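S.K.: For the sequence shown, our numbering begins at 9 and goes up steadily by one. Every residue gets a Cβ at the ideal spot worked out from N, C-alpha and C, and that includes glycine. None of the values given here were measured: they were computed from a predicted structure.
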Amino acid sequence: MKVLVIGGGGREHALAWKLAQSSHVERVFVAPGNAGTAHHGENVPIAATDIDELLAFARENRIGLTVVGPEAPLAAGIVDAFLEAKLRIFGPTRAAARLESSKVFCKNLLRQADVPTADYHVFREADAAERFIRDRYPSADEDVAVVIKADGLAAGKGVTVCRNRQDALDAIDRIARKRQFGDAGSQLIIEERFDGEEASVLAITDGRTIVTLPPCQDHKPAYDGDVGPNTGGMGAYSPAPLVDADMLRYIEERVIVPTIHAMKRGRHPLRGVLYAGLMITHQGPKVLEYNVRFGDPECQPLLMRLQSDLFEILDATASGRLDEIAPPVWDPRPSVCVVMASEGYPGSYQKGLPIRGLEDAAALENVQVFHAGTREEDGQIVTAGGRVLGVTALGETIPAAKRRAYEAVRCIRWEGAWCRKDISDKALRHGD
Ligand code: AMP
Ligand code: GLY
9 MKVLVIGGGG
19 REHALAWKLA
29 QSSHVERVFV
39 APGNAGTAHH
49 GENVPIAATD
59 IDELLAFARE
69 NRIGLTVVGP
79 EAPLAAGIVD
89 AFLEAKLRIF
99 GPTRAAARLE
109 SSKVFCKNLL
119 RQADVPTADY
129 HVFREADAAE
139 RFIRDRYPSA
149 DEDVAVVIKA
159 DGLAAGKGVT
169 VCRNRQDALD
179 AIDRIARKRQ
189 FGDAGSQLII
199 EERFDGEEAS
209 VLAITDGRTI
219 VTLPPCQDHK
229 PAYDGDVGPN
239 TGGMGAYSPA
249 PLVDADMLRY
259 IEERVIVPTI
269 HAMKRGRHPL
279 RGVLYAGLMI
289 THQGPKVLEY
299 NVRFGDPECQ
309 PLLMRLQSDL
319 FEILDATASG
329 RLDEIAPPVW
339 DPRPSVCVVM
349 ASEGYPGSYQ
359 KGLPIRGLED
369 AAALENVQVF
379 HAGTREEDGQ
389 IVTAGGRVLG
399 VTALGETIPA
409 AKRRAYEAVR
419 CIRWEGAWCR
429 KDISDKALRH
439 GD
């Protein structure tokens with residue numbers, strides 16, 4: 009069967025790499041892909057959001073299964089368009105993708121399903137939101153424990169974790185007066201701020217059957233020790249010992265299952281990935297957000313550990329028969345993925361810099377170098393994005409996997425390349 013993967017980042021390289029290993033898959037296409045995905049199949053120069061062109065390509069090339077990586081095409085209704093054309097596709101419909109594309113929809117569903125999450129209030133106008141903050145926090149210098157979120161997709165920039173009243177008023181101003189995020193800010197949420205450590209738990213579901221994946225942990229702040237600006241994710245590892253077996257069971261019972269049931273009851277069943285971004289507080293795990301796709305970079309360490317056939321899992325999900333296949337088998341060894349980034353990221357950065365040492369890194373045992381922002385130019389692989397590579401390794405323990413990942417990182421060079429040095433160190437606090 010021919011498979012089409014949509015997207016061009018590290019997540020999509022990992023998906024293409026794993027799908028290409030399936031005996032059911034004769035050819036993998038990736039739209040638009042990167043220099044790494046070109047090794048496992050064929051890149052197609054169509055943007056991930058160009059639904060008409062993607063549909064035409066899938067029809068003409070008789071694609072048996074399309075797998076959507078990023079959220080933008082899901083929120084724009086790519087799954088609805090493919091289903092209408094009777095083409096098999098892995099991912100949620102536009103209505104179900106609101107779990108990620110509308111934080112108001114998500115919070116209302118969480119409340120209705122009684123899933124542990126922060127208390128919240130929704131506002132449509134800046135005045136009312138400001139009044140709420142001033143009434144609640146009459147003094148300018150007290151601790152203000154709120155988080156302010158634009159309703160819609162804002163490329164990860166729509167959330168402000170506030171420490172004082174001015175932070176909150178500034179965030180309201182950016183979202184509701186300056187309209188920095190356009191229509192994504194036509195509603196905003198003010199919610200209770202939690203303290204704790206974050207973890208990600210992903211599940212695959214066809215709307216009825218649920219397969220929970222091993223827990224993982226991302227590293228969103230740019231620099232070591234979780235300081236600096238927010239990024240798309242500077243590295244991830246799995247399993248995350250912060251979420252032990254009992255907690256994972258609790259998360260399944262109190263978070264994943266009630267959410268998927270509530271989606272079904274609301275007549276927009278979720279098919280694809282449910283990705284729960286959680287804060288592990290003293291009162292237990294709380295949902296911060298949902299995504300309806302694989303995380304990037306979480307997908308890379310997860311797929312590194314997957315021993316089952318990914319195509320069988322995604323195909324069964326897309327056709328509503330996830331109950332018919334055996335549960336996935338995971339490599340017991342942990343994996344660590346270190347993101348190598350361009351100088352300047354998450355701010356502006358240069359592109360087109362030649363990358364050296366990729367072969368040396370790839371020659372190391374139990375290492376995969378997943379490409380994110382790369383392209384090939386005159387036979388040379390060059391940088392083409394902020395997050396450039398996701399260097400991923402398996403090891404007997406988390407520290408061993410970390411050592412091997414950084415050994416591979418040291419093989420790779422380009423001008424200005426950098427990475428966090430502490431990916432997975434948080435695991436050590438929890439006894440691995
Ligand atoms: P979101 O897009 O909703 O996940 O928010 C992005 C980031 O903001 C999360 O990964 C957290 O680091 C932080 N965040 C979101 N909601 C809260 C909350 N209620 N309390 C503390 N931090 C939060
Ligand atoms: N790693 C965070 C995300 O994919 O949203």
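Using 10 angstroms around the beta-carbon of Leu-185, count the other beta-carbons present and answer buried if the total reaches 16, otherwise exposed.
M.R.: In the sequence shown, the residue the question calls residue 185 occupies position 177. In the sequence under discussion, the amino acid at residue 185 is Arg, which differs from the Leu named in the question. Classification for Arg-185: exposed.
S.K.: If I measure Cβ to Cβ from Val-155 and keep anything under 6 Å in the same chain, skipping five residues before and after, which residues do I get?
M.R.: For the purposes of this step, residue 155 is identified with residue 147 of the sequence shown, where counting begins at 1. Taken in chain order, the residues that qualify are Val-169, Glu-199 and Arg-201.
S.K.: When the Cα atoms are used, what is the spatial distance from Val-300 to Val-396?
M.R.: On the sequence shown, position 292 is the one that residue 300 refers to. On the sequence shown, position 388 is the one that residue 396 refers to. One C-alpha to the other measures close to 23 Å.
S.K.: Ser-31 to Gly-280, Cα distance in whole Å?
M.R.: Against the sequence shown, residue 31 aligns to sequence position 23. Against the sequence shown, residue 280 aligns to sequence position 272. Computed Cα separation, rounded: 22 Å.
S.K.: For Ala-93, is the classification buried or exposed, using 16 other Cβ atoms within 10 angstroms of its Cβ as the cut-off for buried?
M.R.: Residue 93 sits at position 85 when you count from the first residue of the sequence shown. Result: exposed.
S.K.: How would you call Gln-388, buried or exposed, if buried means at least 16 neighbouring beta carbons within 10 angstroms?
M.R.: Looking up residue 388 in the sequence shown gives position 380. It is exposed - the Cβ of Gln-388 has fewer than 16 other Cβ atoms within 10 Å.
S.K.: For Val-263, name the three-state secondary structure that DSSP assigns.
M.R.: For the purposes of this step, residue 263 is taken as the residue at position 255 of the sequence shown. Looking at Val-263 - three-state DSSP - the assignment turns out to be helix.
S.K.: Within 10 angstroms of its Cβ, does Gly-16 collect 16 or more other Cβ (buried), or is it exposed?
M.R.: Here the question's residue 16 lines up with position 8 in the sequence shown. Per the 10 Å Cβ criterion, buried.
S.K.: Does DSSP classify Gly-243 as helix, strand or coil?
M.R.: For the purposes of this step, residue 243 is taken as the residue at position 235 of the sequence shown. Correct three-state label for Gly-243: strand.
S.K.: With a threshold of 8 Å (Cβ to nearest heavy atom), would Asn-116 be considered close to the ligand GLY?
M.R.: Translated into positions along the sequence shown, residue 116 becomes position 108. Every heavy atom of the ligand GLY is 8 Å or more from the Cβ of Asn-116, so no.
S.K.: From this set, Pro-124, Gly-166, Ala-136 and Leu-177, which residue's C-alpha is nearest Asp-149's C-alpha?
M.R.: Residue 149 sits at position 141 when you count from the first residue of the sequence shown. Among Pro-124, Gly-166, Ala-136 and Leu-177, the Cα nearest to that of Asp-149 is on Leu-177.
S.K.: Could you give the residue range of the beta strand (DSSP E) that holds Asn-299?
M.R.: Position 291 of the sequence shown, counting from 1, holds the residue named residue 299. Per DSSP, Asn-299 belongs to the beta strand (DSSP E) from 292 to 299.
S.K.: Would you kindly check if the distance between the Cβ of Ala-370 and the Cβ of Ala-413 is under 9 Å?
M.R.: For this step, residue 413 is matched to residue 405 along the sequence shown. For this step, residue 370 is matched to residue 362 along the sequence shown. Not in contact: Ala-413 and Ala-370 (Cβ atoms no closer than 9 Å).
S.K.: At 3 residues or longer, what runs of the beta strand (DSSP E) sit wholly inside the segment 110 to 185?
M.R.: Qualifying beta strand (DSSP E) stretches, in chain order: 128 to 131, 154 to 158 and 167 to 169.
S.K.: Suppose the cutoff is 6 Å on Cβ atoms and the five residues either side in sequence are ignored; what does the same chain contact list for Leu-107 look like?
M.R.: Counting from 1 along the sequence shown, the entry for residue 107 is found at position 99. Cys-114, Tyr-298 and Val-300, listed in sequence order.
S.K.: Do Asp-331 and Thr-217 have their beta-carbon atoms positioned less than 9 Å apart in this structure?
M.R.: Sequence index remark: in the sequence shown, residue 217 carries index 209 (1-based). Sequence index remark: in the sequence shown, residue 331 carries index 323 (1-based). In contact: Thr-217 and Asp-331 (Cβ atoms closer than 9 Å).
S.K.: Please enumerate, following chain order, all residues with a beta carbon closer than 5 Å to at least one heavy atom belonging to the ligand GLY.
M.R.: Any residue whose Cβ sits closer than 5 Å to a heavy atom of the ligand GLY makes the list: Asp-226, Gly-241, Gly-303 and Asp-304.
S.K.: Just to confirm, does Met-287 get its C-beta within under 8 Å of one of the non-hydrogen atoms of the ligand AMP?
M.R.: Counting from 1 along the sequence shown, the entry for residue 287 is found at position 279. The answer is yes for Met-287.
S.K.: Considering only the beta carbon of each residue, do Leu-196 and Lys-165 sit closer than 9 Å?
M.R.: The residue you call residue 196 lines up with position 188 of the sequence shown. The residue you call residue 165 lines up with position 157 of the sequence shown. Going by C-beta atoms, Leu-196 is not nearer than 9 Å to Lys-165.
S.K.: Quick check for students: name the residue ranges of the beta strand (DSSP E) that lie wholly in the segment 380 to 404, counting only runs of 3 or more.
M.R.: Counting whole runs of 3 or more residues, the segment 380 to 404 contains the beta strand (DSSP E) stretches 382 to 385, 388 to 391 and 395 to 402.
S.K.: Just mark Val-337 as buried or exposed, buried being the case when its beta carbon has 16 or more other beta carbons within 10 Å.
M.R.: If you number the sequence shown from 1, residue 337 lands on position 329. Exposed: under 16 other Cβ atoms inside 10 Å.
S.K.: Below 8 Å on the Cβ atoms is my guess for Leu-311 versus Leu-322; work out the distance and round it to an integer in Å.
M.R.: Indexing the sequence shown from 1 puts residue 311 at position 303. Indexing the sequence shown from 1 puts residue 322 at position 314. That pair is no contact at about 11 Å.
S.K.: Quick check on DSSP: helix, strand or coil for Arg-329?
M.R.: Along the sequence shown, one-based indexing puts residue 329 at 321. Reduced to three states, the DSSP call for Arg-329 is coil.
S.K.: From the DSSP secondary-structure annotation, give me the bridge partner or partners of Arg-364.
M.R.: As a first step, residue 364 is located in the sequence shown; it is residue number 356 there, counting from the start. Arg-421, per the DSSP bridge assignment.
S.K.: Taking DSSP as the reference, what is the three-state secondary structure of Ile-14?
M.R.: Here residue 14 is taken as the residue at index 6 of the sequence shown, counted from 1. In this structure, Ile-14 counts as strand in the three-state DSSP scheme.
S.K.: So, with DSSP's three-state summary, where would you put Pro-78?
M.R.: Within the sequence shown, residue 78 is the residue found at index 70, counting from 1. Coil, per DSSP.
S.K.: In whole angstroms, what is the alpha-carbon distance linking Arg-171 and Ile-54?
M.R.: Taking the sequence shown and counting its residues from 1, one reaches residue 171 at position 163. Taking the sequence shown and counting its residues from 1, one reaches residue 54 at position 46. Looking at the two C-alpha atoms, the distance is approximately 43 Å.
S.K.: Are the CB atoms of Ile-59 and Gly-85 within a distance shorter than 9 Å?
M.R.: For the purposes of this step, residue 85 is taken as residue 77 along the sequence shown, with counting starting at 1. For the purposes of this step, residue 59 is taken as residue 51 along the sequence shown, with counting starting at 1. Yes, they are a contact pair.
S.K.: Is there contact between the segment 65 to 79 and the segment 418 to 435, where contact requires at least three CB pairs shorter than 8 Å?
M.R.: They do not touch, by the three-pair rule.
S.K.: Just how far apart, CA to CA, sit Ala-83 and His-276?
M.R.: Residue mapping note: residue 83 aligns to position 75 of the sequence shown, counting from 1. Residue mapping note: residue 276 aligns to position 268 of the sequence shown, counting from 1. About 14 Å.
S.K.: For Val-346 and Val-399, what's the separation of their Cα atoms in angstroms?
M.R.: Counting from one through the sequence shown, the residue named residue 346 turns up at place 338. Counting from one through the sequence shown, the residue named residue 399 turns up at place 391. Cα to Cα, the separation comes out at about 5 Å.
S.K.: Spatial neighbours of Val-33 within its chain, please: C-beta separation below 7 Å, excluding the five flanking residues on both sides.
M.R.: Here residue 33 is taken as the residue at index 25 of the sequence shown, counted from 1. If we look at Val-33 and ignore the five residues flanking it on each side, its Cβ neighbours are Met-9, Val-11, Leu-27 and Phe-319.
S.K.: For Thr-220, count neighbouring C-beta atoms within 10 Å of its own C-beta (all shown protein chains included) and say buried if the count is 16 or more, exposed if not.
M.R.: Taking the sequence shown and counting its residues from 1, the one referred to as residue 220 is at position 212. With 16 or more other Cβ atoms within 10 Å, it is buried.
S.K.: When the distance is taken between beta carbons, is Arg-35 closer than 9 Å to Gly-49?
M.R.: Residue numbering aside, residue 49 sits at position 41 when the sequence shown is read from its first letter. Residue numbering aside, residue 35 sits at position 27 when the sequence shown is read from its first letter. Yes, they are a contact pair.
S.K.: Looking at C-beta atoms only, is the number of pairs between the segment 234 to 251 and the segment 260 to 277 that lie closer than 8 Å three or more?
M.R.: Touching, no.
S.K.: In whole angstroms, give me the CA-to-CA distance for Asn-42 and Asp-386.
M.R.: Here residue 42 corresponds to residue number 34 of the sequence shown, with the count starting at 1. Here residue 386 corresponds to residue number 378 of the sequence shown, with the count starting at 1. Asn-42 and Asp-386: Cα-Cα distance of roughly 14 Å.
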